[in-house]
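Comments concern the structure below.
There are 6 protein chains.
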Amino acid sequence: MIERGRRSRPFYVPVSTEVAVFEAAYRQGLSILLKGPTGCGKTRFVEAMAHDLDRPLITVSCHDDLTTADLVGRYLLRGGETEWVDGPLTRAVREGAICYLDEVVEARQDTTVVLHPLADHRRRLPIERLGVTVDAAAGFGLVVSYNPGYQSVLKDLKDSTRQRMVAIEFGYPAAHVEEGIVVAEAGVSAVYAADLVRLAQAIRRLETGGLREVASTRVLIAAARLTTEGLSPRVAARAAIAGPLTDDPVVSRGLVEMIDIYLPEFLA
Amino acid sequence: MIERGRRSRPFYVPVSTEVAVFEAAYRQGLSILLKGPTGCGKTRFVEAMAHDLDRPLITVSCHDDLTTADLVGRYLLRGGETEWVDGPLTRAVREGAICYLDEVVEARQDTTVVLHPLADHRRRLPIERLGVTVDAAAGFGLVVSYNPGYQSVLKDLKDSTRQRMVAIEFGYPAAHVEEGIVVAEAGVSAVYAADLVRLAQAIRRLETGGLREVASTRVLIAAARLTTEGLSPRVAARAAIAGPLTDDPVVSRGLVEMIDIYLPEFLA
Amino acid sequence: MIERGRRSRPFYVPVSTEVAVFEAAYRQGLSILLKGPTGCGKTRFVEAMAHDLDRPLITVSCHDDLTTADLVGRYLLRGGETEWVDGPLTRAVREGAICYLDEVVEARQDTTVVLHPLADHRRRLPIERLGVTVDAAAGFGLVVSYNPGYQSVLKDLKDSTRQRMVAIEFGYPAAHVEEGIVVAEAGVSAVYAADLVRLAQAIRRLETGGLREVASTRVLIAAARLTTEGLSPRVAARAAIAGPLTDDPVVSRGLVEMIDIYLPEFLA
Amino acid sequence: MIERGRRSRPFYVPVSTEVAVFEAAYRQGLSILLKGPTGCGKTRFVEAMAHDLDRPLITVSCHDDLTTADLVGRYLLRGGETEWVDGPLTRAVREGAICYLDEVVEARQDTTVVLHPLADHRRRLPIERLGVTVDAAAGFGLVVSYNPGYQSVLKDLKDSTRQRMVAIEFGYPAAHVEEGIVVAEAGVSAVYAADLVRLAQAIRRLETGGLREVASTRVLIAAARLTTEGLSPRVAARAAIAGPLTDDPVVSRGLVEMIDIYLPEFLA
Amino acid sequence: MIERGRRSRPFYVPVSTEVAVFEAAYRQGLSILLKGPTGCGKTRFVEAMAHDLDRPLITVSCHDDLTTADLVGRYLLRGGETEWVDGPLTRAVREGAICYLDEVVEARQDTTVVLHPLADHRRRLPIERLGVTVDAAAGFGLVVSYNPGYQSVLKDLKDSTRQRMVAIEFGYPAAHVEEGIVVAEAGVSAVYAADLVRLAQAIRRLETGGLREVASTRVLIAAARLTTEGLSPRVAARAAIAGPLTDDPVVSRGLVEMIDIYLPEFLA
Amino acid sequence: MIERGRRSRPFYVPVSTEVAVFEAAYRQGLSILLKGPTGCGKTRFVEAMAHDLDRPLITVSCHDDLTTADLVGRYLLRGGETEWVDGPLTRAVREGAICYLDEVVEARQDTTVVLHPLADHRRRLPIERLGVTVDAAAGFGLVVSYNPGYQSVLKDLKDSTRQRMVAIEFGYPAAHVEEGIVVAEAGVSAVYAADLVRLAQAIRRLETGGLREVASTRVLIAAARLTTEGLSPRVAARAAIAGPLTDDPVVSRGLVEMIDIYLPEFLA
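Residue numbers (full-length UniProt numbering), protein chains in the order written: chain V, 1 to 268; chain D, 1 to 268; chain C, 1 to 268; chain R, 1 to 268; chain F, 1 to 268; chain A, 1 to 268.
Quick look at the structure:
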């Protein structure tokens, strides 16, 4: 799954040293590993960095069946002729773009091994099928993300891959930052956004038994947007927060109670 | 498995806030996750919503071997020429249709990852094989369904997929609604329909040990339709309700006893 | 594995309501699920029904590697041109035939999902590769069979498939019916046929420990036919009944003793 | 693996009713299941029957990756044209040959399902890829073999396949018959052949702990033939009998001791 | 993944007899097995040896899906014509290059079996698809590496492969050598490099419970390079050392404490 | 992996009856199974036999993915035309060569089943894809090897394959024979060769706990050859003997101590 970055700078407020580390690693040609939970803003961060560094961004959502050819390219048959088509990684290498592999542990390990000569001092991509090796254009950067909470024996980054990267850890944004994001993205009042963030923080303090994952910034934005269509805050939060977080009836009831405590029945 | 929606509005009576949530999410461009058991009316609901919103509906029944190409499209060889044929998801994206992925957890995870850029604020479908990205036409909506009762470690929606969606939960319809559906769909008397619904509710109150799943509205309609061909209510219910629900002789005998209690030997 | 039905009506005597249920379901356009052990006459029953309803019968023996394409059709390369060839299900849908999927649980689940839109009120077959949807011709009927004794976690009909069907349960025929079948199919005397049926009933009363499955009507017919070639009843029964039922020497000896008790050394 | 039968009648002496049962089943068009251990003469028996019945014999050695296409046929690309080539089963069906599937449980289950319409009263082979059904020519017979000792949960004949067949059980031949075979096949003296058979019978009386399988007639013939090249009987038996039967040093020493007891140091 | 060696000699200081053993084995035409942990300098060593021996170096990073064809070559379809393209191993054999298979245990075993006739006295590569056998050109050398710490039952070199090779074991370089490497590769002061090496040695003395692998020379260089962009030594070490080594919050905190002890807050 | 035998007779001294058994079996057209550990001289033995019998030798190193087509042959597409290319087994059958399948248990079982009609009295190779059966030319011989120490449930020769073969067991050669081989192959003094053999015998007496496999003749030759390049005997033995035999630090230290006891620091 490939996509180009959007043109306007996304709303991103630095929390710690993440911007400085990203820029230092990028300038040194070091690859970057973003660690953090679902929906905490890793994609948003990469988009902001690509914008600030004025580099095109090519994003690849990784999955189980992502092959090396999906990243590097393949021959396609067109009108009886075979024609080579660069994959997203090769395009990034040639154009000097930032290539972002989202949820890289989902990909098969043979896919990540192709990253090694790009990720270390060699900075080049051997394209076996073409019999050529492409040196990364100036400006090329490699960024991968993964969620340590999903880490398992079967799905893990190899150490030889990890040690080729500089790591940046992410958590959820601070309350006032998260409020700002909700206001900016959903167009709701700061008061209501603050209520939503307090609800999310309460949920994040819960033991995760029964919850699949805690509430991300993304689900807060979705809840807020539903209210702009006239839904009450509580109905919106049940649909956008409680529903995605659990299928367990008991846990669900607990979330609904929390929603009723933290959110007003109607918006002012 | 793809199919276009039917033209006449299906019989659907709203139970709770499901219609309001669906329409709010649809207008906000948020994707929708329908949760509920087999045969409770999820498909019927989507058909009604598509009708009310006046959008074409494209339904895909998901299964184990559904590939990304099955959703997005593929090159076919026709008369020596390769020709690109859009898959159902791509057609929905281009036409601004509602795309409904029924039993989405059955599909392979790489198939659901292709939904991410469509399901969040980006609303675009990258088509890797064509090297293009298609922005969703106005009116496009993504709806998926799944049955939490089937949920297993191996077959589950990824959290990163779930948190991109707004959830609507379904149960079986209230008695009078279910009676109305049976009358409308099978053309039987309200009295007999009420007997069938009482039988279904009794079965639904059973512990599910031995039962694979409780009686759905669909099997009530089937039983009712068999009687319009002259079968007695009890013979019809054994064939349409007891038979599909269990293969266990003991459980089966129990169901037959319930059938004999709740249903008359002959229709008035 | 596809085959057309034979033209002459097979010998089938109704035991219970199975003929009435089959015809009612068929007339209502409901799909039918036949449940019962190996060799009890399910195939014979479907052949008789197709004959009585005057519909062509297309039978598909299901197996592990039966793909959707095997049912629906595929493009074949012939003389450099690709040509679409309908599969047996598609042919049945177009011609209004009865399509009988024997031992349907053997097929992969993705294969059975293709049945859903055919099995419920929609009665249409989407053919993805052609990009068309075929409405079932008048007269089309879908019948599947399976053996609940083989049921396992890995091989089972999905509930969403089962609840789209009306079930008919089969056991072995009553003694006098089974005698009649043996006489009609093997051309032996009624006395000898009655001996064989008594032997079969004795075997069916055994605990199945050691026996793979009890003696079917089919193996009785085979034993009877061997005697028409001059084999003694006991030698014939060892070859046609004991041999197929077990490989265990102890169980085998027990069966041979039963054979010697129930069958004469020579035919009168 | 396909091969035509040899022309001269193999040395085969009937032990029990196996010839009568084979011929009766063949004349009745019933399929035949040969059960017995490795190297006991099943292949030899089928060759003799084919010879006596004056039918061509087509043998297929089954294995894990034997596909339905390997049995039935496939399209091959030759000089740009696709050309259908019958598989061995199809050739046997068309020519009225006896088709012998050796070690049929090794084949995948989908392969054996293709046998069903051939094995029962229908006697026809549907060839899906051609869209035709071939009625078996007069004289066609289906024979399969398997070794119950290898029987496992994963590798077993389905009951629905077994109950379509008449079974014939094989053991090792009686002593004087086995001596005759060794004399006829290896050209050694009757005295030495008798020594070898006594050795084999002693080994067959052992508990099989440590032994993979007991000594077959085939290994006796091999040992005898080695002595015709000048090897001593004991050296020959170590190489042809002890070596193939075990890799365990202790068991091997035991076999060597038995060899030294039963066989002379030099041939007279 | 193939790549040619770089032209300038990499910084490599011999620690023990590894250079003498490599050169003796190379001159004798014996293959070489490099054993050691991630990032300890195995690749650097091979590059230095290839430089000193004045041979081209062809490196292949091995992975799960590396096939024999990936090493040996394959036919490609180009403009309707099939054309053979040598794989990296074949190129090395023809050109007399040193072929380095990095992390060879990652490759499938069938891939390593192709190395046998090259690795022993025969020194030739049979290319089955071409039907030819290529004798290794003078100067050809085969070098493989693996990390014994990753050794598992599933992923291991076969003994028949190991016993065809001469083994050289690697550990981390001595302190003064490692300092020199950090200074040379990152351009930092010897004092700061010594601090980093002391930190690495402290980490290497830890029990590895919680740590995935100890700090390699590679991560020290990355940390040092980040400081040349203005990051403080501690922020750089968190990103380049602690982040890649663990995802466990407790272990991570321990590493951060060690970083704060061994590294200054600011560079002098 | 295929290769032709070398022309000069390899150094091989018979230990027991192996030459007589091989020649007797070969002359009788019986297939031969060589059993023994890695590097004990099985390949060398077959090369000597082929030389003595004046037959070409075709060797195939077996592995997991060796298919029947790899042995028998396949159609290749060349310049738009399909062309049949014989595999190594077919070439041996046509030319009357000796075909040696090294480590045959590594191959898939379906691959070994193709050997059956060649291995028994039939001596013919059915080539299914060509629709022909090739009778083995005079002089054809089939030899397979395997290492009983590797024997496992998953990887084992089928009994039906074993009982078609005559077995020859191999151990390591006697001391004076092994010394002779080391002297002849590495060109070192008899005194040093005797030291190496004494070391190997000491290692072979060890319990194998910790050792993967004991020292083969092959590793002795490698150690000896390293000293001809100027390495000391102890450094050479560490690299060529201890390194390949173990990765365990404790076991490794034990081996190094044995090396220091049995081998001099410098060659005289």
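Note that CB positions come from ideal geometry on N, CA and C, so glycine has one too. Since the structure is predicted, the reported quantities are computational estimates derived from the model, not experimental observations.
In the three-state reduction of the DSSP assignment, C:T133 falls in the strand class.
At a cut-off of 8 Å, the C-beta of R:D70 has no neighbouring C-beta in chain C. In terms of CA proximity to D:P56, D:R94 leads the group D:L33, D:T67, D:R94 and D:P37.
Looking at the DSSP output, A:S61 shares a beta bridge with A:D102. Beyond the five residues adjoining it in sequence on each side, V:R234 comes within less than 7 Å, by CB distance, of I259, D260, L263 and E265 in the same chain, given in chain order. According to the DSSP secondary-structure assignment, A:S31 is paired through a beta bridge with A:M165. Close partners of F:L231 in chain V (Cβ separation under 8 Å): T17, A20, V21 and A24. Using a C-beta cut-off of 8 Å, the region 136 to 145 of chain C makes no contact with the region 178 to 189 of chain C, since fewer than three inter-stretch Cβ pairs fall below that distance.
Apart from the 5 residues on each side of it in sequence, F:P126 sits with its Cβ closer than 6 Å to the Cβ of T133 in its chain, given in chain order.
DSSP places F:V144 within a strand segment (E or B) once states are collapsed to three.
In this structure, the alpha-carbon of D:D195 lies about 25 Å from that of C:L33. The beta strand (DSSP E) runs of length 3 or more contained entirely in the region 207 to 239 of chain V do not exist; there are none. In this model, V:G171 and V:K35 are separated by some 9 Å (Cα to Cα). Judged by DSSP in its simplified three-state form, D:E178 adopts helix. In the DSSP annotation of this structure, the continuous segment of the alpha helix (DSSP H) that includes D:L71 starts and ends at T68 to V72.
By the criterion of a C-beta distance shorter than 7 Å, F:T228 is surrounded in its chain by A186, G187 and V188, once the five residues flanking it on both sides are discounted. In terms of CA proximity to A:R74, A:P88 leads the group A:P88, A:C62 and A:H63. In this structure, V:V113 places its C-beta atom within 8 Å of the C-beta atom of F:H63. Annotated three-state conformation of R:D86 is strand, per DSSP.
Segment contact: the region 232 to 249 of chain C against the region 37 to 44 of chain R, fewer than three CB-CB distances shorter than 8 Å; contact not assigned. With a beta-carbon spacing of about 28 Å, R:A20 and C:L206 fall beyond the 8 Å limit used to define contacts. Only buried fits C:V197, as 16 or more other CB atoms lie within 10 angstroms of its CB. A Cβ-Cβ contact shorter than 8 Å links V:S31 with V:R164. The three-state reading of DSSP puts V:R124 in strand, counting E and B together.
Taking CB atoms only, V:G243 has a neighbour in chain D less than 8 Å away. Counting along the chain, F:I259 sits inside the alpha helix (DSSP H) bounded by residues P249 to Y262. Within the same chain, and ignoring the five residues on either side of V:Y146 in sequence, the residues whose Cβ sits closer than 8 Å to its Cβ are L33, L34, K35, E103, V104, V105 and L157.
Cβ-Cβ distances below 7 Å link V:D70 to G87 in the same chain, with the five nearest sequence neighbours on each side left out; the list follows chain order.
Secondary structure at D:Y26: helix, using DSSP grouped into helix, strand and coil. Checking the DSSP bridge columns, you'll see F:Y75 partnered with F:W84. Annotated three-state conformation of C:T112 is helix, per DSSP. Where R:V191 is concerned, the enclosing alpha helix (DSSP H) starts and stops at A190 to R205. Here A:E213 is not near A:T17, since their CB atoms are 8 Å or more apart. If you draw a straight line from the Cα of V:P14 to the Cα of V:L53, it is about 15 Å long. By the rule that beta-carbons nearer than 8 Å mark a contact, A:E83 does not touch chain F.
Note on D:P249: under 16 other CB atoms within 10 angstroms of its CB, so exposed under the neighbour-count rule.
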